[in-house]
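Q: Please read through the structure below; I'll follow up with questions.
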Amino acid sequence: MASGSAAPTARKHCKTAGTVRLPQPRPEFAASPQMDYISIEVHSDPGGAAMQHAANAVKPAHKPVGRDLSAAGLRAFFNIARDWALNTEAQMVLLGSPGRSTFFKWKSAPESADLRRDTLERLSYLLGIYKALQILLPDTAAADAWVKKPNSAPLFGGKSALDRMLGGNVADLVAVRQYLDAQRGGWA
């Protein structure tokens with residue numbers, strides 16, 4: 001490629017800035033008479049304005065998941081919390097201990113919440129626990145009361161499933177979910 005020619009460009013659509021032209025690396029081929037191969041050198045413009053804009057437009061790894069999924073999960077959770085008669089503190093622990101203002105914002109306007117994957121994972125386990133209880137104990141009142149009753153299973157050590165879940169770790173939710181799934185013949 002001639003040294004004076006412009007680098008080929010690619011177009012990338014960026015939600016915040018529309019279409020951005022990104023410079024493509026310029027390959028330069030050099031055949032060596034003593035060698036049986038072609039060496040390829042790639043040059044780019046790492047400090048260019050387009051590359052800087054693209055770097056700024058990269059979304060963080062902890063990007064919240066869609067609001068529809070977040071809203072549906074929160075609405076289901078708050079219904080479960082009502083059925084299980086959970087106080088605010090217990091609800092906050094089960095959701096991963098968000099700040100109080102965040103929690104009350106989620107409660108009053110779940111459709112505006114953008115939950116992180118950790119919170120969505122917690123919601124998934126809680127919904128699975130709720131569903132497993134509905135399957136194991138078709139009487140709704142008995143299913144809802146089970147979470148607060150002392151349990152002699154080794155996993156609970158005489159305490160309730162809710163006590164275990166309020167340990168605050170996702171692993172506590174996983175343990176209760178696996179216990180219930182094993183009781184109904186699912187995966188353990």
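The sequence shown begins at 1 in full-length UniProt numbering and counts up one residue at a time. In this text, a Cβ means the ideal position worked out from N, Cα and C, and glycines have one as well.
Whole angstroms is fine: what's the gap from Ala153's alpha carbon to Arg177's?
A: One C-alpha to the other measures close to 14 Å.
Q: Exposed or buried, what is Arg164 when buried is set at 16 or more other beta-carbons lying within 10 Å of its beta-carbon?
A: When all chains shown are included, Arg164 counts as buried.
Q: Can you give me the C-alpha to C-alpha distance between Ser112 and Trp106, rounded to a whole angstrom?
A: One C-alpha to the other measures close to 7 Å.
Q: If you run the structure through DSSP and keep just helix, strand and coil, what is Ser152?
A: Correct three-state label for Ser152: coil.
Q: Do you know how far the Cα of Phe103 is from the Cα of Gly185?
A: Their Cα atoms are separated by approximately 35 Å.
Q: Under 8 Å, with one C-beta from each stretch per pair, do the region 127–145 and the region 92–99 reach the 3-pair mark?
A: Contact fails: fewer than three Cβ-Cβ distances are below 8 Å.
Q: Quick check on DSSP: helix, strand or coil for Ser5?
A: Any answer about Ser5 is weak, because its pLDDT of 47 lies below 50 and its placement is not dependable; what the coordinates show is given next. Three-state DSSP puts Ser5 in coil, outside helix and strand.
Q: Here's the rule I'm using: 16 or more other beta-carbon atoms within 10 Å means buried, otherwise exposed. How should Gly66 be labelled?
A: Classification of Gly66: exposed, given that the 10 Å Cβ count is below 16.
Q: In the region 121–173, which residue ranges form an unbroken alpha helix (DSSP H) of at least 4 residues, counting only runs that do not cross its ends?
A: Listed in chain order, they are 140–146, 161–165.
Q: Let me make sure I understand the geometry here. Which of Asp181, Val174, Ala182 has the alpha-carbon closest to that of Asp118?
A: Nearest option by C-alpha distance: Val174.
Q: If you drop the 5 nearest sequence neighbours on each side, which residues of the same chain put their C-beta closer than 8 Å to that of Glu121?
A: Contacts found: Val170.
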